[in-house]
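Novice: The structure's right below; bear with me while I get my questions together.
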Amino acid sequence: MASSAESRHWCVVPAAGRGARFGAGTPKQYAELGGKALLLRTLEVLARHPRIAGLVVALAQDDRRWPGWAQVETKPVLTVVGGDTRSRSVLHALTAIDGFVGRDEFVLVHDAARPCVRAEDISRLIEEAVRAGGGLLAAPLRDTLKRANAERMVTTTESRDACWRALTPQMFRRGELIAALEAAHAAGIEVTDESMAMERAGCRPLLVEGAESNIKVTTRDDLDLAEYLLRRRAAEGRV
Ligand code: CTP
Ligand code: MG
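As structure tokens, this is what we get:
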């Protein structure tokens with residue numbers, strides 16, 4: 005197997021969500037971001053990365069907007085039909101590449117809704133997660149953390165010392181991630197990221213600090229912020 009210094013990895017891109025919180029007629033992955041579909045922006049930043057071998061995108065069953073991109077930045081792009089939850093969409097994509105990505109090989113998973121991920125963070129994640137046996141980009145919590153009661157009154161202030169916000173990409177061995185997701189589904193537990201499934205399976209994923217600008221576009225305001233971040237990056241020559 006190639007050493008981590010030169011290894012290339014497939015990336016799963018869940019893009020089968022409905023964007024309920026975004027609320028426009030168009031699902032957010034097809035919202036326009038600087039003249040292109042948000043989803044294409046995300047695929048481009050991933051495909052441009054030299055350590056990424058190809059992309060497998062999970063699309064909603066009734067997605068009529070996918071234009072059939074078979075290649076982005078010369079990298080192959082495959083599609084699968086997603087599931088009714090993010091973790092099921094990821095699982096479908098992971099099993100779809102059975103024929104040519106070994107179970108021991110590391111794969112990345114990156115939300116379609118995070119178009120602002122930086123190449124240098126992807127590079128660091130790959131280096132560190134491969135060495136650690138699995139990991140994820142994350143950002144330390146900066147705000148003071150409050151716990152509330154049912155009336156939304158503060159009961160305690162939690163220590164934020166050991167608290168991180170999970171971002172994507174996340175990176176695990178394909179077979180281990182499939183087994184962990186299947187076990188979570190069998191137990192009826194809705195895991196909201198890959199790390200949560202791996203934690204349940206007894207793994208201790210490594211947190212790799214990434215830029216806060218790797219936002220997940222959830223609302224219209226987030227789309228404006230993403231546009232600003234990408235424009236500023238382009239102006240700095242850091243496309
Ligand atoms: N996703 C998916 N399959 C699902 C649900 C979500 O592939 N059944 C994807 C989304 O397309 C998105 C990523 O998972 O790229 C993160 O999900 P989220 O930000 O929650 O997107 P949506 O589920 O589309 O938005 P909302 O929760 O507001 O409906
Ligand atoms: Mg969602």
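Counting the sequence shown from 1 gives a position; the numbering used here is that position plus 4. Cβ atoms here follow ideal geometry from the backbone N, Cα and C, with glycine treated the same way. Just so we're clear, the structure is a prediction, and the values are computed from it rather than from any experiment.
(1) Taking 7 Å as the cut-off, is the CB of K33 close to at least one heavy atom of the ligand CTP?
(2) Measure from the alpha carbon of A187 to the alpha carbon of each residue in A57, M200, M175, then state which is nearest.
(3) Taking 7 Å as the limit between beta carbons, can you name the residues of its chain near E216, skipping five residues before and five after?
(4) Report buried or exposed for M202, applying the criterion of at least 16 other Cβ atoms within 10 angstroms of its Cβ.
(5) Are the Cβ atoms of K79 and A35 separated by less than 8 Å?
(6) In the DSSP output, what is R169 paired with across the bridge?
(7) Label D102 either buried or exposed according to how many other C-beta atoms from any shown protein chain fall within 10 Å of its C-beta, with 16 as the threshold for buried.
(8) Any idea what DSSP makes of A6, helix, strand or coil?
(9) Should R22 be listed as close to the ligand CTP, given that the test is whether its C-beta is under 7 Å from any heavy atom?
(10) Mind checking V158: buried by the 16 CB within 10 Å criterion, or exposed?
(11) Using only the heavy atoms of the ligand MG, determine whether one of them is closer than 7 Å to the beta carbon of E224.
(12) In whole angstroms, what is the alpha-carbon distance linking A6 and G138?
(13) Can you check DSSP and say which residues form a bridge with L82?
(14) Going by DSSP, which residues form a beta bridge with Q75?
(15) In the structure shown, what three-state DSSP assignment does K220 receive?
(16) Give a single yes or no on whether R90 has its beta carbon closer than 7 Å to a heavy atom of the ligand MG.
(17) Does DSSP put T148 in a helix, in a strand, or in coil?
(18) Taking a contact to mean a Cβ-Cβ separation below 8 Å, would you say V60 touches L44 in this structure?
(19) Determine the closest residue to H189 out of F176, R178, R204, with distance taken between C-alpha atoms.
(20) Are the region 117 to 135 and the region 146 to 163 touching by the rule of at least three beta carbon pairs closer than 8 Å?
(21) With DSSP as the reference, label R177 as helix, strand or coil.
(22) Residues in the same chain with beta-carbon distance under 6 Å from W73, minus the five sequence neighbours each way, listed in chain order, please.
(23) Taking E180 as the reference, give the member of R208, L47, T172, D66 with the closest Cα.
(24) Are V94 and E231 close, meaning C-beta to C-beta below 8 Å?
Specialist: Per the coordinate set shown:
(1) Locating residue 33 in the sequence shown gives position 29, counting from the first residue. Rather than Lys, the amino acid found at residue 33 in this sequence is Gln. Yes, the Cβ of Q33 comes within 7 Å of a heavy atom of the ligand CTP.
(2) On the sequence shown, residue 187 is found 183 positions in, with the first residue counted as 1. Ranking the options by Cα distance to A187, first place goes to M200.
(3) Translated into the one-based positions of the sequence shown, residue 216 becomes position 212. Excluding residues within five positions, the ones whose Cβ falls inside 7 Å are A143.
(4) Counting from 1 along the sequence shown, the entry for residue 202 is found at position 198. Per the 10 Å Cβ criterion, buried.
(5) In the sequence shown, residue 79 corresponds to position 75, counting from 1. In the sequence shown, residue 35 corresponds to position 31, counting from 1. Against a cut-off of 8 Å, the Cβ pair of A35 and K79 comes out as no contact.
(6) Residue numbering aside, residue 169 sits at position 165 when the sequence shown is read from its first letter. According to DSSP, which records beta bridges pairwise, R169 is partnered with A143.
(7) In the sequence shown, residue 102 corresponds to position 98, counting from 1. D102 is exposed by the Cβ-count criterion.
(8) Numbered from 1 along the sequence shown, position 2 holds the residue referred to as residue 6. Only weak support is given to the placement of A6: the predicted model assigns it a pLDDT of 47, under 50, and the value that follows is read from those uncertain coordinates. Reduced to three states, the DSSP call for A6 is coil.
(9) Reading the sequence shown from its first residue, position 18 is the one you call residue 22. Because some heavy atom of the ligand CTP lies under 7 Å away, the Cβ of R22 counts as near it: yes.
(10) On the sequence shown, residue 158 is found 154 positions in, with the first residue counted as 1. The residue in question, V158, is exposed, as its Cβ has fewer than 16 Cβ neighbours within 10 Å.
(11) Mapped onto the sequence shown, residue 224 falls at position 220. According to the sequence shown, residue 224 is Arg rather than Glu. No.
(12) Within the sequence shown, numbered from 1, the residue matching residue 6 stands at position 2. Within the sequence shown, numbered from 1, the residue matching residue 138 stands at position 134. Summary for A6: the model assigns pLDDT 47, below 50, so the residue's position carries little reliability; its value from the coordinates is reported in the next sentence. Distance between the alpha carbons of A6 and G138 is about 17 Å.
(13) On the sequence shown, position 78 is the one that residue 82 refers to. Paired residue(s): V60.
(14) In the sequence shown, the residue the question calls residue 75 occupies position 71. In the DSSP output, where bridge partners are listed per residue, Q75 has P80.
(15) One-based indexing of the sequence shown puts residue 220 at position 216. Three-state result, K220: coil.
(16) Taking the sequence shown and counting its residues from 1, the one referred to as residue 90 is at position 86. For the ligand MG, at least one heavy atom lies less than 7 Å from the Cβ of R90.
(17) Within the sequence shown, residue 148 is the residue found at index 144, counting from 1. Coil, per DSSP.
(18) In the sequence shown, counting from the first residue as 1, residue 60 sits at position 56. In the sequence shown, counting from the first residue as 1, residue 44 sits at position 40. Taking 8 Å as the Cβ cut-off, V60 and L44 do not qualify as a contacting pair.
(19) To locate residue 189, count along the sequence shown from 1; it is residue 185. Out of F176, R178, R204, R204 has the C-alpha closest to the C-alpha of H189.
(20) no
(21) Taking the sequence shown and counting its residues from 1, the one referred to as residue 177 is at position 173. DSSP places R177 in strand when its eight states are reduced to three.
(22) Along the sequence shown, one-based indexing puts residue 73 at 69. If we look at W73 and ignore the five residues flanking it on each side, its Cβ neighbours are V81.
(23) On the sequence shown, residue 180 is found 176 positions in, with the first residue counted as 1. Checking every option, the nearest Cα to that of E180 belongs to R208.
(24) Walking along the sequence shown from the start, residue 94 turns up at place 90. Walking along the sequence shown from the start, residue 231 turns up at place 227. The answer is no: Cβ separation not under 8 Å.
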